[in-house]
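This report concerns only the one structure given below.
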Amino acid sequence: MRRRFAAGTAPIACAIACVLATPAHAARANPSDGPRPWGRDTVMPSFGFGMGFSREATSLGFGLGFRYFAIAGLGLGVSLSDSILIFSESIKSSYPGIHKQVPTNTVFITPSAQYVFFRSRWFSPFVHAGVGPAIFNNHRGVVGHWVAGPGAFIGIGGPVYLNVGVDFSGMFPSGKCNDAYRYHGTAADVQFSGFCSFSWSPNIGLVVAFGGGKKRRRGTTAPAPANPMPVDDAPLPAPSSPTPVAPVEEPTTPPETAVPPSPEAPAPVDDAATDAPAPMQPEPPAEQPTAPTNVVTSPPSVAPTATPRW
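Just so you know, my numbering puts 53 at position 63 of the sequence shown, and the rest follows in order with no gaps.
This is how it looks when you write it as structure tokens:
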């Protein structure tokens, strides 16, 4: 027997995520990423909650996630979610012990990647995809799980963004997944479908970003010099004041009528140190001339004068 089991309308998740730019790597980020969100070294922890209703069962979902943007616009992360299935009383009465055979708690561990190919404060479209294990309770084993879809972050105001998207998901291999949702009754086996096939669900949530959407002011910081001068740690000595120099007076010529200054007295000489002058010898008396005798006076001779020839 095969029965189409609708687990309920696709849950609409309302998630609140905090986007934090770490301070140590914000100082080393590219300046062009400053005015735009989802830049390099952005960390995005998240928490999600979902709920779905139907006549057969009620589904609840919880999730935690962590995403790190290794480069601008590209985020790598992992999420851990838990889906709880609560059957209605009518299903329990029709299929006794179904809650002990069919998985009622499924844990999804999904590594994923998200790429924001146009980063803006008001509209940032993105795509995301992930794959990981899905763990069933009631000893139903482990299967694979995948999820992918487009979306967009829409700025509401300030640091608040609206996350709108569509998620497509499924579990594989389908044969093992269908065996997990097969009920073994006393009369016949019943196969519940609708859990392992391809499905889609809207994804609507809020994202609150802190520190990633402020614009960088330009022209406020002066550029550093190319070759800064070395700074000496020792304080420079205080400049010494110059020694005043007395003005030099020009010598003035005393007027002719001025009385010459009296000579200064010679310095006293020590008598003991000065030798006494030697006594002077008296000069001999000059000889008296004697009167000549028999003096003959002759006329002076004149020498002939030579006449020059031309």
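Quick reminder that beta carbons are idealized off the backbone N, C-alpha and C, glycines included. Fair warning: this is a prediction, and the values are worked out from it, not measured in the lab.
In the three-state scheme derived from DSSP, where H, G and I count as helix and E and B as strand, Gly165 is classed as helix.
DSSP places Ser80 inside the alpha helix (DSSP H), whose first and last residues are Glu79 to Ser84. DSSP, read as helix, strand or coil, puts His129 in coil.
In the DSSP annotation of this structure, the continuous segment of the beta strand (DSSP E) that includes Ala60 starts and ends at Ala47 to Ile61. In this chain, Arg30 is not harboured by any beta strand (DSSP E), its DSSP state being neither H nor E. Under the three-state reduction of DSSP output, Ala142 falls in the strand class.
Gly120 sits close to Ala138, with the two beta carbons spaced by under 9 Å.
Within the same chain, and ignoring the five residues on either side of Ser110 in sequence, the residues whose Cβ sits closer than 7 Å to its Cβ are Arg26. Counting the other CB atoms within 10 Å of its CB gives Asn193 a total of 16 or more, which places it among the buried residues. DSSP, read as helix, strand or coil, puts Ala170 in helix.
Contact annotation, Ser49 with Ile74: C-beta distance approximately 7 Å; criterion of less than 8 Å satisfied. Here Gly147 is exposed: its Cβ has fewer than 16 other Cβ atoms, across all protein chains shown, within 10 Å. Residue range Asn95 to Val106 is occupied by the beta strand (DSSP E) that includes Ala103.
Apart from the 5 residues on each side of it in sequence, Pro115 sits with its Cβ closer than 6 Å to the Cβ of Phe108 and Ala142 in its chain, given in chain order. Judged by their CB atoms, Tyr85 and Tyr171 are not nearer to each other than the 9 Å cut-off. Of Pro123, Gln181, His135 and Gly175, the smallest CA-CA separation from Ser159 is found for His135. For Arg130, the closest alpha carbon among the candidates Glu46, Ile76 and Lys90 is that of Lys90.
Between Pro101 and Val68, the gap from beta carbon to beta carbon is short of 9 Å. A distance below 9 Å separates the beta carbons of Asp72 and Thr96. When rounded, the separation of the alpha-carbon atoms in Cys167 and Val180 is 14 Å.
Annotation: the continuous beta strand (DSSP E) that includes Phe182 extends over Asp179 to Ser183. Out of Val154, Gly87 and Ser164, the CA that lies nearest to the CA of Asn128 is found in Gly87. Contact annotation: Gly195 and Gly38 have beta-carbon atoms nearer than 9 Å.
When the Cα atoms are used, His118 and Phe56 turn out to be separated by approximately 14 Å.
Taking Val156 as the centre and dropping the five residues before and after it, the same chain places the C-beta of Gly139, Pro140, Gly141, Trp190, Ser191, Pro192 and Asn193 closer than 8 Å to its C-beta, in chain order. A residue is called buried when at least 16 other Cβ atoms come within 10 angstroms of its Cβ; Trp112 does not meet this threshold and is exposed.
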